[in-house]
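Numbering (the working numbering), first residue to last: 1 to 151.
Here a beta-carbon is modelled for each residue, glycine too, at the ideal position from N, C-alpha and C.
Just so you know, these numbers come straight off a predicted model, no measurement behind them.
Beneath this line is the structure, given in structure tokens, with notes to follow.
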Amino acid sequence: MSELKHRHLFDLMIALHPTLELGTTPVGVRRVFPVAGGRFTGERLRGVISPFAGSDILLVRADGSREQDVRLILETDDGAQIIMTYRGRGYSPPEATRAGTAAGPAGDYLRTAPFFETASADYAWLNRITSIGVGERQPDGTVRYAVHEIL
Numbered sequence: 001m002s003e004l005k006h007r008h009l010f011d012l013m014i015a016l017h018p019t020l021e022l023g024t025t026p027v028g029v030r031r032v033f034p035v036a037g038g039r040f041t042g043e044r045l046r047g048v049i050s051p052f053a054g055s056d057i058l059l060v061r062a063d064g065s066r067e068q069d070v071r072l073i074l075e076t077d078d079g080a081q082i083i084m085t086y087r088g089r090g091y092s093p094p095e096a097t098r099a100g101t102a103a104g105p106a107g108d109y110l111r112t113a114p115f116f117e118t119a120s121a122d123y124a125w126l127n128r129i130t131s132i133g134v135g136e137r138q139p140d141g142t143v144r145y146a147v148h149e150i151l
């Protein structure tokens with residue numbers, strides 16, 4: 001079997017509105033992070049994150065790990081619209097979670113599996129790829145991801 005190969009797709013910086021605390025459900029603590037906007041930049045595509053349609057519906061599990069369920073609308077600089085959806089897993093040391101700060105690469109685990117959907121002929125290739133994101137919470141409250149296409 002061959003080695004897993006990847007290519008950088010883009011860097012994504014997401015700004016968030018204040019958290020909506022939904023409380024403890026039978027499966028864990030639910031929080032919603034409405035997306036306020038952001039940018040993505042890469043060799044093959046770049047643009048902004050729509051501030052009108054996007055959120056991270058987060059589940060904090062009993063073991064402290066997090067499950068993400070995210071929907072974003074990407075708007076490319078040349079006018080295309082792309083739906084980006086991803087599920088992910090995260091974990092931060094309890095002291096970083098309490099402080100609400102980034103734990104940094106050594107302590108903050110944030111991995112996602114984005115998929116894309118678009119009607120744009122120029123970006124139709126996105127409909128067929130698999131990708132992985134490696135993320136990190138930033139001290140200013142934004143979240144930064146490096147998204148890679150799996151080849």
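| Item | Value |
| --- | --- |
| With a Cβ-Cβ cutoff of 7 Å, do Y145 and G133 count as a contact? | yes |
| Using 10 angstroms around the beta-carbon of L45, count the other beta-carbons present and answer buried if the total reaches 16, otherwise exposed. | buried |
| Output yes or no for whether 7 Å exceeds the beta carbon distance between F33 and M84. | no |
| From this set, H17, S65, R71, which residue's C-alpha is nearest L110's C-alpha? | S65 |
| According to DSSP, is D108 helix, strand or coil? | coil |
| Start and end of the beta strand (DSSP E) containing H8? | 6-16 |
| Please determine, among G47, Q68, P93, S92, the residue with the shortest C-alpha to C-alpha distance to D77. | G47 |
| Note down the Cα distance separating L151 from I82, rounded to an integer number of angstroms. | 20 Å |
| Could you spell out the range, first to last residue, of the beta strand (DSSP E) harbouring G79? | Counting along the chain, G79 falls outside any beta strand (DSSP E), and DSSP gives it neither H nor E. |
| Expressed to the nearest angstrom, what Euclidean distance is found between the alpha-carbon atoms of E67 and E3? | 28 Å |
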